[in-house]
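Colleague: Numbered according to our numbering, the sequence shown spans residues 1498 to 1899. The beta-carbon is built from N, C-alpha and C at its ideal position, and this holds for glycine as well. Keep in mind that this is a model prediction, so the values were computed, not measured.
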Amino acid sequence: MPLALLALAIGAFGIGTTEFVIMGLLPEVASDFGVSIPTAGLLVTGYALGVVIGAPIMTVLGTKVPRKRMLMLLMGLFIAGNLLSAVAPSFAIMLLGRVIASLAHGAFFGIGSVVAAELVAPDKKAGAIAMMFTGLTVANVVGVPLGTLIGQSVGWRVTFGIVAALGVVGLAGIAKLVPELPRPQGVRLRHELAAFKNAQVLLAMAMTVLGFGGVFAAITYIAPMMTHIAGFSDGSVTWLLVLFGLGMVGGNLVGGKFADRALMPMLYISLGALAVVLALFTLTAHNKVAAAVTIALIGALGFATVPPLQKRVLDQAHGAPTLASAVNIGAFNLGNALSAWLGGVVIAAGFGYTSPNWVGAALAAAALLLAFLSAALERREGTHGTVVASGAPAERRTAVHH
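(1) How many angstroms separate the CA atom of Trp1855 from the CA atom of Trp1838?
(2) Under the rule that 16 or more other beta-carbon atoms within 10 Å means buried, what is Leu1874, buried or exposed?
(3) When DSSP labels each residue in this structure, what does Gly1658 get in the three-state scheme?
(4) Where does Asp1731 sit, in a helix, a strand or coil, going by DSSP?
(5) Count the CB pairs spanning the region 1772-1779 and the region 1748-1764 that are closer than 8 Å, and state whether there are at least three.
(6) Just verifying my parser: in three-state terms, what is the DSSP assignment at Gly1511?
(7) Relative to the ligand HEM, is the shortest distance from any of its heavy atoms to the C-beta of Arg1758 smaller than 7 Å?
(8) With distance defined between alpha-carbon atoms, name the residue in Asn1637, Pro1535 and Leu1502 nearest to Glu1736.
(9) Name the residue from Lys1785, Glu1689 and Ala1598 whose alpha carbon lies nearest to the alpha carbon of Ile1726.
(10) From Pro1563 to Leu1678, what does the alpha carbon distance come to, in whole angstroms?
(11) Leaving out five residues on either side along the sequence, give the residues of the same chain with a beta carbon under 7 Å from the beta carbon of Leu1523.
(12) Between the C-alpha atoms of Ala1789 and Val1548, what's the straight-line distance to the nearest angstrom?
(13) Under 8 Å, with one C-beta from each stretch per pair, do the region 1788-1803 and the region 1706-1723 reach the 3-pair mark?
(14) Taking just the CA atoms, how far does Gly1594 sit from Ala1577?
(15) Can you tell me whether DSSP reads Arg1758 as helix, strand or coil?
(16) If I measure Cβ to Cβ from Ala1703 and keep anything under 8 Å in the same chain, skipping five residues before and after, which residues do I get?
(17) For Leu1740, count the other beta carbons within 10 Å of its own beta carbon; 16 or more makes it buried, fewer makes it exposed. Which is it?
(18) So for Leu1559, helix, strand or coil by DSSP?
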């Protein structure tokens, strides 16, 4: 794997830390600003919605900017947003800082996915994407738990200051290690938009929304769930997040490996198992050992879907994949926003801190149904129906049944 993937992983590490660390600090932030836990959950929802909105906007704005330079500009935006969160005098200002940081998220991973895929042979693309996303998953093993510990010990503002510093390191890594890649010739915005006429691209994005949304329904409220239901101390949330992160690392690498071999079966297994495990979490959340094991499984199964879903979008939007790739990252976060909001709704309605697990199970099951539908349509059409950069009719290729 090229060394440039390390630079992308460093940037992903910073972004992953800021995205997930807030979940371990919700009680502290809520207490500091005098808001409820469901209201503090808007920091998760707001960030996710910012990714959804920012992914296409920032990608379109960057269509005439070399990819390396655009990645550097995005990291600068990320740094600014986290600094604002660190010094926010009110909940509203902190929410604004989260949104500013989030605007860089989707375009960074979207453009980064395309760059990673271009750096390797065709049969290694999912693995290269997984390597970049390893930074995001490792953030949950190192960055998020450490950030949670620091936030609980000396204040959550310090955590966000450190996250901004991580962004500086990521920016330097990209400047040093990522090569200057030429922009594709003849690809215009209308070619990028043409990918969204492909039903398979839209189905893959819908699977992304529902599948990873299932993970966030449970994990957004992991701190109150584990302290109030399982009986863990506040300090235990840190190592529980480590377990979640370790699961993510393993699931991401396995998903990347098998997506290059059997993409659709990988999705069937991971989404089906995720739905079952999330449903069981309603029961296992009452036992410390069972809850810890379940959290690790949710991380593994949830992130096992990421490389195959991202690769499927790149494959189906062949020739003009940058915007579709970025929008699919936004789709992950649309699912995060939807599930975080739904989780807050069921908690506020009095169903208890384990009720978001049922929401997550339902979302993952719906994603599995869409995966079966997508495969059935592909078999019926007998083609992958990709969109080429020239804007010509979809390229007819021999069907590959994963």
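Modeller: According to the data block:
(1) Taking the sequence shown and counting its residues from 1, the one referred to as residue 1855 is at position 358. Taking the sequence shown and counting its residues from 1, the one referred to as residue 1838 is at position 341. Computed Cα separation, rounded: 14 Å.
(2) Taking the first residue of the sequence shown as 1, we reach residue 1874 at position 377. Around the CB of Leu1874, fewer than 16 other CB atoms lie within 10 Å, so the residue is classed as exposed.
(3) As a working note, residue 1658 is residue 161 in the sequence shown. Looking at Gly1658 - three-state DSSP - the assignment turns out to be helix.
(4) Translated into the one-based positions of the sequence shown, residue 1731 becomes position 234. In the structure shown, Asp1731 sits in coil (DSSP, three-state: anything other than H, G, I, E or B).
(5) No, the region 1772-1779 is not in contact with the region 1748-1764.
(6) On the sequence shown, position 14 is the one that residue 1511 refers to. In the three-state scheme derived from DSSP, where H, G and I count as helix and E and B as strand, Gly1511 is classed as helix.
(7) As far as ligands go, the structure on display features none, and thus does not contain the ligand HEM.
(8) The count along the sequence shown starts at 1 and reaches residue 1736 at position 239. Inspection of the sequence shows that residue 1736 is occupied by Trp rather than by Glu. Measuring C-alpha to C-alpha distances from Trp1736 to each of Asn1637, Pro1535 and Leu1502 identifies Asn1637 as the nearest.
(9) Start at 1 with the first residue of the sequence shown, and residue 1726 comes out as number 229. Considering only alpha carbons, the answer is Lys1785.
(10) As a working mapping, residue 1563 is identified with position 66 in the sequence shown. As a working mapping, residue 1678 is identified with position 181 in the sequence shown. Distance between the alpha carbons of Pro1563 and Leu1678: 7 Å.
(11) Indexing the sequence shown from 1 puts residue 1523 at position 26. Cβ within range, chain order: Ile1534, Ala1537, Gly1538 and Ala1720.
(12) Taking the first residue of the sequence shown as 1, we reach residue 1789 at position 292. Taking the first residue of the sequence shown as 1, we reach residue 1548 at position 51. For Ala1789 and Val1548, the distance between alpha carbons rounds to 29 Å.
(13) Taking 8 Å as the limit for Cβ pairs, the verdict is that the region 1706-1723 does touch the region 1788-1803.
(14) In the sequence shown, counting from the first residue as 1, residue 1577 sits at position 80. In the sequence shown, counting from the first residue as 1, residue 1594 sits at position 97. Each residue's Cα considered, the two are about 8 Å apart.
(15) As a working mapping, residue 1758 is identified with position 261 in the sequence shown. Coil at Arg1758, not helix or strand.
(16) Locating residue 1703 in the sequence shown gives position 206, counting from the first residue. Excluding sequence neighbours, Ala1703 sits near Ala1828, Ala1864 and Leu1867.
(17) As a working mapping, residue 1740 is identified with position 243 in the sequence shown. Around the beta carbon of Leu1740, a 10 Å sphere encloses 16 or more other beta carbons of the protein chains shown; the residue is thus reported as buried.
(18) Locating residue 1559 in the sequence shown gives position 62, counting from the first residue. The amino acid occupying residue 1559 in the given sequence is Gly; Leu does not appear at that position. In this structure, Gly1559 counts as coil in the three-state DSSP scheme.
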